[in-house]
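Visitor: Line by line, the protein sequences give chains A and B.
The working numbering runs 351 ahead of the 1-based position in the first sequence.
The working numbering runs 5 ahead of the 1-based position in the second sequence.
We put the beta carbon where it would ideally sit given N, CA and C, even for glycine.
Values in this document were obtained by computation on a predicted structure and should not be read as measured data.
Let me give you the structure first, and then I'll get to my questions.
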Amino acid sequence: MENQDNKILDFEKPVYEMQNRIEQLKREGSVNAGELGRLMEKLNELEGQVYKDLSAWERVQLARHPLRPTILDYIDAICDEFEELHGDRLFGDDPAVIAGIGRIDKLRLMIYGHAKGRNTQERIRHNFGMAKPEGFRKILRVMRMAEKFRLPVLSFIDTPGAYPGVGAEERGQPEAIAENLKQAFNIKTPILVIVIGEGGSGGALALAVGDRTFMMEHAIYSVISPEGCAAILWKSREKAPEAAASLRLTAADCLEFGVIDGILREVHGAAHRDPQGNAAMIKEKILDEVEALGRINPDSMLRQREEKFLAMGIFEED
Amino acid sequence: MNWLKRAKQGIKTWRKKEVPDGLWEKCPSCGEILYHKELIRLTSVCPKCDFHFRINPSAYIDILTDQSTFVETDGGIRSADPLQFRDSKKYTERIRISRRKTGRNSAILTGTAKLNAHPVSLAIMDFSFMGGSMGSAVGEKIIRAARQAISGRMPLVIISASGGARMQESILSLMQMAKTSAAIAAVSRASLPYISILTNPTTGGVAASFAFQGDIIIAEPKALIGFTGPRVIRETVGEELPAGFQRSEFLLEHGMIDMITSRRELKKTLGFILDSLMCGVSTRVEENYQENDRKTISLIW
Ligand SMILES: [Zn+2]
Chain A
352 MENQDNKILD
362 FEKPVYEMQN
372 RIEQLKREGS
382 VNAGELGRLM
392 EKLNELEGQV
402 YKDLSAWERV
412 QLARHPLRPT
422 ILDYIDAICD
432 EFEELHGDRL
442 FGDDPAVIAG
452 IGRIDKLRLM
462 IYGHAKGRNT
472 QERIRHNFGM
482 AKPEGFRKIL
492 RVMRMAEKFR
502 LPVLSFIDTP
512 GAYPGVGAEE
522 RGQPEAIAEN
532 LKQAFNIKTP
542 ILVIVIGEGG
552 SGGALALAVG
562 DRTFMMEHAI
572 YSVISPEGCA
582 AILWKSREKA
592 PEAAASLRLT
602 AADCLEFGVI
612 DGILREVHGA
622 AHRDPQGNAA
632 MIKEKILDEV
642 EALGRINPDS
652 MLRQREEKFL
662 AMGIFEED
Chain B
6 MNWLKRAKQG
16 IKTWRKKEVP
26 DGLWEKCPSC
36 GEILYHKELI
46 RLTSVCPKCD
56 FHFRINPSAY
66 IDILTDQSTF
76 VETDGGIRSA
86 DPLQFRDSKK
96 YTERIRISRR
106 KTGRNSAILT
116 GTAKLNAHPV
126 SLAIMDFSFM
136 GGSMGSAVGE
146 KIIRAARQAI
156 SGRMPLVIIS
166 ASGGARMQES
176 ILSLMQMAKT
186 SAAIAAVSRA
196 SLPYISILTN
206 PTTGGVAASF
216 AFQGDIIIAE
226 PKALIGFTGP
236 RVIRETVGEE
246 LPAGFQRSEF
256 LLEHGMIDMI
266 TSRRELKKTL
276 GFILDSLMCG
286 VSTRVEENYQ
296 ENDRKTISLI
306 W
C-alpha cells in the first residue's frame, strides 16, 4: 500500500493532524462518547475552514489530489451494476477513457469518462486519463449506441488533456476530438456531464458537450493547464500558480461565465475526505437531472443543447 | 470598417507585413531572389521550390474570389476582456497591438463572395492577429458565417491559420470549439458543403474543431497541422519525431486530409468541387425540409 502521508497537501495538514489525534485517542480509549462527539464536530468545523476560500492554485492541487475519487470510485459507489464496453472497432481500446452500461436503482444508462487510476499502477495503465484518438472514437461509438437504444448518458470529466504523442497525432487526434464535438450536437438522448477533477482542454471537452454540466466544488476547467500557460506566457512553468489565478478555472468562475449549470458542493470539505458521502450526493443529483431531462422532447432537447453552446462567449460588437 | 473601404483608403497593409514590400524578395526556403510583383502574381508561392509565403485574408480574397464580389460581414465584432487577463502584458494591450498591425478587429475575416460564380460564405483566419488564436470573437464570426451559409443556401469555405484556442479567454475559448462545432453540424444537416482549407499552421483547438469537420479538407503544401505542437510532444513525451511529422504530406499519407493543393491551383480546385457538390443542393435541401420539417434544421438557423 502506498504511503498516505506524502499525498497530503500542506494546507490540509491541520485536518489530518486532528484526525490522527482523534483516532489515537479512540485507540487509547481515553475519551468518552461525549468528548468524542465534540472532537468530531471540531474536525467538521476545521474541514469547513480549511477547504474554504482557497486560491486557484490550491484548487488545482485539490482537483489533482492523489486521493481524489476517480470515475472508477464513483461507478463502484453509485452503480448497482456496471458492464464495461471496450474498443473503438477501428484500432484499439484506450484505457484512458472507460465506457459502459450502468444501472443505478431502476435507471439504465451509458456511462463514460476519463479514468486517471487510483494508484501508481492504475495511473500508468490508464495513461493518467490522457486519451488518444481510439479513446475518443470509443466514446463516440458508445454515444451513438446510447441514442440508438434511447439510454441517457452520464459523462465524468477528469483529464489533464488529450495525449500528446506521435502515434496519437498519426491516428488523427484533432479529427477524433472534432468529430466527437460535432456529433454530440446530433445525439438525440439526454447527456449529463460532471467535471469531477480536471477539465483539461480539448481532451476534456470531447466528452463534455451535453445538456447539463455540473462541476464539483474543487474541480477545474480550462483551455490549457496552468503549467502550459505559464510556460508560454510567463516563459516559466514555475509561474503556474499565477497562471492558475489568471485562467479563472474554478467552478465559481465557470458558473459566472455561463459555461456550467451548477456547482456540486463537496461533502466534508473535499471529495477525498468522504468519497462515499460525495458519491451519494452525486447519485441523488444524477437521478434528479436524468429524470428532468427525460421529460424534454428529444427534438427540443437537441435544439436547447445547440442554443446553449451557440450562446457561449463574451465579445463586443460595434 | 469593411474591407473594400479599407482597400480604397490604402491601408491594406498585408504586403508590408507578410511579404516584405521591397522590389525583390528572397525565398526563405531556397534563397531564390524573386521580383515582388511577380511573386504576388504567383499567389506568393515560390516558382522555384513551391514555398508558400504566409499571406493574410485580403490576399486570399484576391486569389480566390471573383473580382469585386467580396462583401465583409460582422467586421465590427471584436474581443472583450472578460477575464481581465494579464501576463507580462495586458490582454487588452495585445489586442490593441494586433488591431493596429492588421487593420482588423479580430483574427478572422468573414463575408460573402462569388467563387467561380458560386456564391459562398467565406471565413479566413489571420495568423498575424495573435497567432490566429480563437477566442469568443472568432467563434462568433464562425457561427455567423455558418448561419449565413444556411440562410443563403451557400457552401461554407473556411481557411484556417491558427495556433489554437486563445489562452487569454481560457474556458470561454475552449467553449468556442463546441460552439463552432454546433454551427458546422447545422451546416451539415442542411446538406450544404463545408470545405475546410488548412494553412500553416493549423493546430490546437482550431484543428480539433471546425478545421477537421470539413466535408472536404484541403491543405496547402508543407503546412504544420496537428493537435499538440511538435515541441510539446518532444518535451513532454520525449518521443523522437519522425521526418515530416505533422506536415500536410504526413497527414495525407495517414489518411487525415483529402488533398494537398498548391495555392496557385486552389481556386480552380475549389471551383470544381463546388460545381460538383452544389449541383444537387437545391433538390437536397428541399427534400431535407420536407422529410424532416424543422427537426433537422432548427429555427435559429
Ligand atoms: Zn523557393
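#1: Since Ser528 of chain A contacts Gly553 of chain A with CB under 8 Å, what's their CB separation in whole angstroms?
#2: Which same chain residues, not among the five before or five after Lys483 of chain A, have their C-beta less than 6 Å away from its C-beta?
#3: Determine whether the Cβ of Asp79 of chain B lies closer than 9 Å to any Cβ atom of chain A.
#4: Along the chain, where does the alpha helix (DSSP H) containing Gly596 of chain A start, and where does it finish?
#5: Does the beta carbon of Asp92 of chain B sit closer than 9 Å to a beta carbon anywhere in chain A?
#6: Mark Ile670 of chain A as exposed unless 16 or more other C-beta atoms lie within 10 angstroms of its C-beta, in which case mark it buried.
#7: Who are the near neighbours of Ile665 of chain A in its chain, counting only those whose CB is closer than 6 Å to its CB and skipping five residues on each side?
#8: Under a Cβ-count criterion, where at least 16 other Cβ atoms within 10 Å of its own Cβ denotes burial, should Pro247 of chain B be classed as buried or exposed?
#9: Determine, for Glu247 of chain B, whether the minimum Cβ-Cβ distance to residues of chain A falls below 9 Å.
#10: With a cut-off of 8 Å, do at least 3 Cβ pairs link the region 498 to 518 of chain A to the region 558 to 578 of chain A?
#11: Should Thr117 of chain B and Gln153 of chain B be called a contact, given that it needs their Cβ atoms to be closer than 9 Å?
#12: Throw me the rounded Cβ distance for the Ala112 of chain B and Ser138 of chain B pair, which I believe falls under 8 Å.
#13: Just the C-alpha distance for Pro87 of chain B and Phe433 of chain A, rounded to the nearest angstrom, thanks.
#14: Which one or two residues does DSSP pair with Lys119 of chain B in a beta bridge?
#15: When the distance is taken between beta carbons, is Leu282 of chain B closer than 9 Å to Pro124 of chain B?
#16: Report the three-state DSSP secondary structure of Ala170 of chain B (helix, strand or coil).
#17: Under 8 Å from any heavy atom of ligand 1, does the C-beta of Lys227 of chain B make it?
#18: Would you say the beta carbon of Ser34 of chain B is closer than 8 Å to some non-hydrogen atom of ligand 1?
#19: Does the beta-carbon of Val618 of chain A have 16 or more other beta-carbons within 10 angstroms, so that it is buried, or is it exposed?
#20: Taking 8 Å as the line, does the beta carbon of Glu37 of chain B fall inside it for any heavy atom of ligand 1?
#21: Would you tell me roughly how many angstroms separate the C-alpha atoms of Arg389 of chain A and Gly628 of chain A, rounded to the nearest one?
#22: For Asn310 of chain A, count the other beta carbons within 10 Å of its own beta carbon; 16 or more makes it buried, fewer makes it exposed. Which is it?
#23: Could you check whether the region 222 to 234 of chain B touches the region 200 to 207 of chain B, counting it as contact only if at least three pairs of C-beta atoms, one from each stretch, sit closer than 8 Å?
#24: Would you say Asp55 of chain B touches ligand 1, meaning its beta carbon is less than 8 Å from a heavy atom?
#25: Does DSSP put Gly438 of chain A in a helix, a strand or coil?
#26: Are the region 484 to 503 of chain A and the region 576 to 596 of chain A touching by the rule of at least three beta carbon pairs closer than 8 Å?
#27: Would you mind reading off the limits of the beta strand (DSSP E) that contains Ser506 of chain A?
#28: Report back the beta-carbon spacing between Gly80 of chain B and Asn110 of chain B to the nearest angstrom; my notes put them in contact at under 8 Å.
#29: Would you mind giving the Cβ-Cβ distance between Met461 of chain A and Val493 of chain A, rounded to the nearest angstrom? I have them listed as a contact below 8 Å.
#30: Just checking my contact of Leu638 of chain A with Leu458 of chain A at CB under 8 Å: how many whole Å lie between their CB atoms?
#31: Express the C-alpha separation of Ser196 of chain B and Thr74 of chain B in angstroms, rounding to a whole number.
#32: Which residues of chain A have a Cβ atom closer than 7 Å to the Cβ of Val242 of chain B, listed in chain order?
#33: Under 7 Å between beta-carbons, which chain A residues line up against Glu145 of chain B? List them in chain order, please.
#34: Can you tell me whether Tyr96 of chain B is buried or exposed? The criterion is at least 16 other CB atoms within 10 Å of its CB, across all chains shown.
#35: Using 8 Å as the cut-off, classify the Cβ of Cys51 of chain B as near or not near the heavy atoms of ligand 3, replying yes or no.
#36: Can you list the residues of chain B that Leu598 of chain A reaches, using a CB-CB cut of under 7 Å?
Guide: A quick look at the data gives this:
#1: Note on identity: in this sequence residue 528 of chain A is Ile, with Ser being the wrong assignment. So it is a contact: roughly 5 Å between Cβ atoms.
#2: Asp445, Tyr514, Ala519
#3: yes
#4: Position check: residue 596 of chain A holds Ala in this sequence, whereas Gly was assumed. Where Ala596 of chain A is concerned, the enclosing alpha helix (DSSP H) stretches over 591 to 598.
#5: yes
#6: Nothing in the structure corresponds to residue 670 of chain A, since chain A is present only between 352 and 669.
#7: none
#8: exposed
#9: The sequence given here places Pro at residue 247 of chain B; Glu does not occur at that position. By this cut-off, Pro247 of chain B is an interface position.
#10: yes
#11: yes
#12: 6 Å
#13: 42 Å
#14: B:Pro124
#15: no
#16: strand
#17: no
#18: yes
#19: buried
#20: yes
#21: 21 Å
#22: With chain A represented from 352 up to 669, any question about residue 310 of chain A goes unanswered, as that position is not in the structure.
#23: yes
#24: yes
#25: coil
#26: no
#27: 504 to 510
#28: 6 Å
#29: 6 Å
#30: 6 Å
#31: 24 Å
#32: Pro515, Gly516
#33: Gly664, Phe666
#34: buried
#35: The ligand content of the structure shown is limited to ligand 1, which means ligand 3 is not among them.
#36: Ser175
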